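Residue numbers (my numbering): 273 to 573. Here is the structure we will look at, set down as structure tokens.
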Ligand code: PSU
Ligand code: MN
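Structure below.
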């Protein structure tokens, strides 16, 4: 089997490009909000002067830049497989349709020459890690693949201190975007002070360019707080997470189903509030990623 015959990579020369993932589309949000959010993110990136490329695997073919129709179809697809690093060859070989996680999207974006990627939240070290050993392969990917990801911080469903330690060990820069404290996805801030804070996209681009020039060959995490008006109360969020975690234990969920399960339960428990916040923060990340892509592109000229 020849990989080149199974992928569609556009010509990216002269384009400040931003990658978007698709696991959030198929496993992170319900239809139709998932499709609306995906298309709105593409629009935010265009408004910032960059070009969006939503990444997925359709019938075994890697596609960099899904069309509007393909996003709509994937958003309605309930059988698409959640593709992380380990699943890419299988998905292609079997001709299956799969949505790519942060890790897999980083790999495919890099293959296409895309350096900036926007998402909602990344995977991390799960609570109860001592028992389950559940650490998302997203974290490992940052030490392997030089793609820079804008997110709203690790989700509060994770073990935050251990997630931060893991990134520290792997040498992954965590850049606070206009913040000195780590945002926690649903909430704008936390008590975790960051080592690096950036004033604007220009500032971020300077660091990313140096990281690349040094040949560090790893990705960076840009953490961008959710807009104030959508930020949820941390105690409310914690309460809801506890409920979701105990439901998970009862249902005996593990492996790759953990994150989709928790996100889904949270939508119900929060009465839809977590979904509203999720949409707002992803769009906000898409905008900032677009601005960073443009700033980085200008620097390279
Ligand atoms: N965070 C979200 N929504 C999501 C995900 C993360 O708010 O849909 C998805 C991303 O695609 C991420 C994946 O890469 O979940 C992590 O899954 P796991 O924890 O199984 O590695
Ligand atoms: Mn996991």
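C-beta atoms are modelled at their ideal positions from N, C-alpha and C, and glycine is treated no differently. In this text, all values refer to a predicted model and were calculated from it rather than measured experimentally.
Taking 8 angstroms as the cut-off, is the C-beta of residue i nearer than that to any heavy atom in the ligand MN?
{"i": "residue 530", "result": "yes"}
{"i": "residue 406", "result": "yes"}
Between which two residues does the beta strand (DSSP E) holding residue i run?
{"i": "residue 424", "result": "Taken as a continuous stretch (DSSP letters only), residue 424 belongs to no beta strand (DSSP E), as it is neither H nor E."}
{"i": "residue 389", "result": "388–390"}
{"i": "residue 562", "result": "No beta strand (DSSP E) contains residue 562, which is instead part of the alpha helix (DSSP H) from 545–572."}
{"i": "residue 354", "result": "353–355"}
{"i": "residue 372", "result": "370–372"}
Residue i bridges to which residues according to DSSP?
{"i": "residue 470", "result": "449"}
{"i": "residue 279", "result": "334"}
{"i": "residue 289", "result": "323"}
{"i": "residue 397", "result": "407"}
In angstroms with no decimal places, state the Cα-to-Cα distance between residue i and residue j.
{"i": "residue 274", "j": "residue 451", "result": "45 angstroms"}
{"i": "residue 438", "j": "residue 376", "result": "19 angstroms"}
{"i": "residue 348", "j": "residue 368", "result": "15 angstroms"}
{"i": "residue 386", "j": "residue 569", "result": "11 angstroms"}
{"i": "residue 554", "j": "residue 398", "result": "21 angstroms"}
{"i": "residue 406", "j": "residue 490", "result": "22 angstroms"}
{"i": "residue 353", "j": "residue 533", "result": "14 angstroms"}
{"i": "residue 431", "j": "residue 418", "result": "25 angstroms"}
{"i": "residue 306", "j": "residue 469", "result": "31 angstroms"}
{"i": "residue 344", "j": "residue 547", "result": "18 angstroms"}
{"i": "residue 317", "j": "residue 530", "result": "30 angstroms"}
{"i": "residue 508", "j": "residue 516", "result": "13 angstroms"}
{"i": "residue 346", "j": "residue 366", "result": "18 angstroms"}
{"i": "residue 340", "j": "residue 433", "result": "39 angstroms"}
Provide the residue span of the alpha helix (DSSP H) that contains residue i, from first to last.
{"i": "residue 325", "result": "No alpha helix (DSSP H) contains residue 325, which is instead part of the beta strand (DSSP E) from 323–330."}
{"i": "residue 493", "result": "First-last for residue 493: 493–495, but that is the beta strand (DSSP E), not the alpha helix (DSSP H)."}
{"i": "residue 409", "result": "409–414"}
{"i": "residue 539", "result": "530–541"}
{"i": "residue 607", "result": "What the structure shows of the chain is the stretch from 273 to 573, and residue 607 is not part of that stretch, so it cannot be assessed."}
{"i": "residue 347", "result": "340–348"}
{"i": "residue 460", "result": "No alpha helix (DSSP H) contains residue 460, which DSSP labels as neither H nor E."}
{"i": "residue 429", "result": "Premise fails: residue 429 is in no alpha helix (DSSP H) and is neither H nor E."}
Using CA atoms only, rank isn't needed, just tell me which of the options is closest to residue i.
{"i": "residue 448", "options": "279, 311, 417, 421", "result": "421"}
{"i": "residue 552", "options": "460, 528, 527, 433", "result": "460"}
{"i": "residue 245", "options": "415, 441, 410, 416", "result": "Given that the chain is displayed from residue 273 to residue 573, the structure contains no residue 245 and the question cannot be resolved."}
{"i": "residue 401", "options": "413, 435, 389", "result": "435"}
{"i": "residue 488", "options": "342, 442, 462, 467", "result": "442"}
{"i": "residue 281", "options": "310, 337, 481, 463", "result": "337"}
{"i": "residue 331", "options": "457, 279, 296", "result": "279"}
{"i": "residue 414", "options": "433, 404, 392, 382", "result": "382"}
{"i": "residue 444", "options": "464, 492, 423", "result": "492"}
{"i": "residue 538", "options": "295, 291, 428", "result": "428"}
At a cut-off of 8 angstroms, is residue i close to the ligand PSU when judged by its beta-carbon and the heavy atoms of the ligand?
{"i": "residue 526", "result": "no"}
{"i": "residue 359", "result": "no"}
{"i": "residue 520", "result": "no"}
{"i": "residue 331", "result": "no"}
{"i": "residue 391", "result": "yes"}
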